[in-house]
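To start, the structure under review is shown below, and the notes come after it.
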Amino acid sequence: MAEHDSTTEQPQSDPFEVVEAEHRTGARHKGVYLLPNLFTTGALFAGFYAIVAAMNGLFEAAAVGIIVAGILDGLDGGVARLTNTQSKFGAEYDSLSDCVAFGVAPGLVAYSWALTELGKFGWMAAFIYLACAALRLARFNVQAESTDKRFFIGLPSPTGAGLVATMVWLGASRGIDGNEVSWLVALVVAGAGLLMVSSVRYHSFKEFHIGRVPFKVLLGVIVAFAIVFLDPPLVLLTVAVIYVAVGLLLSLWRIRKGTPQA
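Numbering (this note's numbering), first residue to last: -13 to 248.
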């Protein structure tokens, strides 16, 4: 009779399996949470679509793709919190999706629309934006637990992407040739990138939670939607510019008063 190996074989884990921890019971389950990661995948797809659309000269569609990515990115975190499905995998996946949708896509869309005629200066401005977006996301990941939740340190990457996208959307919808405003676009793109890695504080509005609200608030939201749909690119660009300007003005005011930035 042949001798049997006395050692017990250990089951080999699949290298593509992800183990998530259940927050309430502490039990560990194989797999990933589907619902929030679907929103993240949608944002990633919208960013990829924006790149493809820009390559084909569809700049309005490309800009809308980035805006849609921003909406989906705002939903995935909220859905994860509401359904108690936050996970480390989801956070990492969201960060990678953001780098594509709010870093690569806006830089390439702006470059394709207006910066090609500037040669090296054009792709340099686009690269500054992309590199700063990646640095902004990396810094957010390591500072997320140690900063005031009411504020972002540096311009949030979705807002920076929205600023660039709505600028392209407004120009393309008005029939403006991007090459006619190439230097302005380069300044905005590079400036948005540098603001993302700055120490300027921007309000996060995270203290406002979805739930029961007064009737006036609901009416205000309806009016806001109506105003946006009057002229989406102009209204959204105006909102983005005001948000950027308010953060800068408040930072200058704090510097004048001698208040530390962060």
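The beta carbon of each residue, even a glycine, is placed where N, CA and C say it ideally should be.
Taking 8 angstroms as the cut-off, the Cβ atoms of TRP155 and PRO92 do not count as close. For ARG122, the enclosing alpha helix (DSSP H) begins and ends at 106 to 129.
Around the beta carbon of THR26, 16 or more other beta carbons sit within 10 angstroms, so the residue counts as buried. Residue burial is scored here from C-beta neighbours: VAL150 has at least 16 other C-beta atoms within 10 angstroms and is therefore classed as buried.
Residue nearest to VAL171 within the set LEU94, THR69, GLY140, SER184 is LEU94 (criterion: CA-CA distance).
Residues ALA111, ILE114, TYR115 of the same chain have their beta carbon placed closer than 7 angstroms to that of ALA176, with the five preceding and five following residues left out of the count. Closest in alpha carbon position to ALA158, among ALA212, GLY105, ALA119, SER98, is SER98. Counting along the chain, no beta strand (DSSP E) covers TYR97, and no H or E run does either. In this structure, GLY206 sits away from ALA119, with a CB-CB distance that is not shorter than 8 angstroms. ARG187 is bridged by DSSP to ILE139. If you keep only unbroken beta strand (DSSP E) runs of at least 3 residues inside the stretch 58 to 95, you get nothing at all. Around the C-beta of ALA39, 16 or more other C-beta atoms lie within 10 Å, and the residue is accordingly described as buried.
Counting the other CB atoms within 10 Å of its CB gives ASP59 a total of 16 or more, which places it among the buried residues.
The stretch 224 to 238 makes no contact with the stretch 52 to 71, as fewer than three CB pairs between them are under 8 angstroms.
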